[in-house]
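**Q** Residue numbers are given in the working numbering: position 110 of the sequence shown equals residue 101, and the series is strictly consecutive. A virtual CB, placed ideally from N, CA and C, is assigned to each residue, including glycine.
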Amino acid sequence: MPASPIIAIVDDDPGVRGSIDSLVRSTGMTPCSFASAGELLAAGDEALACIVTDLHMPEMTGLELQAEMLRRGWAVPLIVMTAFPTDAAREQAMGAGARAFLTKPVDPDSLLDAIEAAIR
-8 MPASPIIAIV DDDPGVRGSI DSLVRSTGMT PCSFASAGEL LAAGDEALAC IVTDLHMPEM
52 TGLELQAEML RRGWAVPLIV MTAFPTDAAR EQAMGAGARA FLTKPVDPDS LLDAIEAAIR
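#1: Roughly how many angstroms lie between the CA atoms of ALA33 and THR21, to the nearest whole one?
#2: Between the C-alpha atoms of THR77 and ILE106, what's the straight-line distance to the nearest angstrom?
#3: Tell me the DSSP secondary structure of ARG8 in three-state form.
#4: Taking the straight line between their C-alpha atoms, what separation do you get for CYS130 and ILE(-2)?
#5: Using the three-state DSSP reduction, which class does ALA91 fall into: helix, strand or coil?
#6: What does the alpha-carbon distance come out to for the pair ASP67 and HIS47?
#7: Which word fits LEU102, buried or exposed, when buried means at least 16 other C-beta atoms lie within 10 angstroms of its C-beta?
#8: Measuring alpha carbon to alpha carbon, tell me which residue in ALA89, ILE110, PRO96, GLU55 is nearest ILE11.
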């Protein structure tokens, strides 16, 4: 793993991606943003320390991304965020190995705590 952990940010909202990018960068970690799950999957998981993904996105949801990661054997810690949390989605994400399930708007300290716990 590089000296500066690479944190993938997957969200179809450019404002959210930009905010999380700035937050991650402010800690000395290296953000790598993707507008869709498909973009992340095409890029691959090499060198990623953690993935932060939105739950509800066009084309592929965060839960579908998680399932595809498992199918491909990716062992990268995953944090799921959503503005529309449900118990079922939380149980599915956490049951499949997500490290955290956070409600948007995400508290910056809670997100950083989740990222730091995931990359330990």
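**A** This is what the structure holds:
#1: Counting from one through the sequence shown, the residue named residue 33 turns up at place 42. Counting from one through the sequence shown, the residue named residue 21 turns up at place 30. Their backbone Cα atoms lie some 19 Å apart in a straight line.
#2: Within the sequence shown, the letter at position 86 stands for residue 77. Within the sequence shown, the letter at position 115 stands for residue 106. Going by the C-alpha atoms only, they are around 22 Å apart.
#3: Your numbering for residue 8 matches position 17 in the sequence shown. Three-state result, ARG8: helix.
#4: Shown here, the chain extends from -8 to 111; a query on residue 130 therefore has no answer.
#5: As a first step, residue 91 is located in the sequence shown; it is residue number 100 there, counting from the start. Correct three-state label for ALA91: strand.
#6: For the purposes of this step, residue 67 is identified with residue 76 of the sequence shown, where counting begins at 1. For the purposes of this step, residue 47 is identified with residue 56 of the sequence shown, where counting begins at 1. Looking at the sequence shown, residue 67 is not Asp but Val. Cα-Cα distance, rounded: 20 Å.
#7: Within the sequence shown, the letter at position 111 stands for residue 102. That one is buried.
#8: Looking up residue 11 in the sequence shown gives position 20. Out of ALA89, ILE110, PRO96, GLU55, PRO96 has the C-alpha closest to the C-alpha of ILE11.
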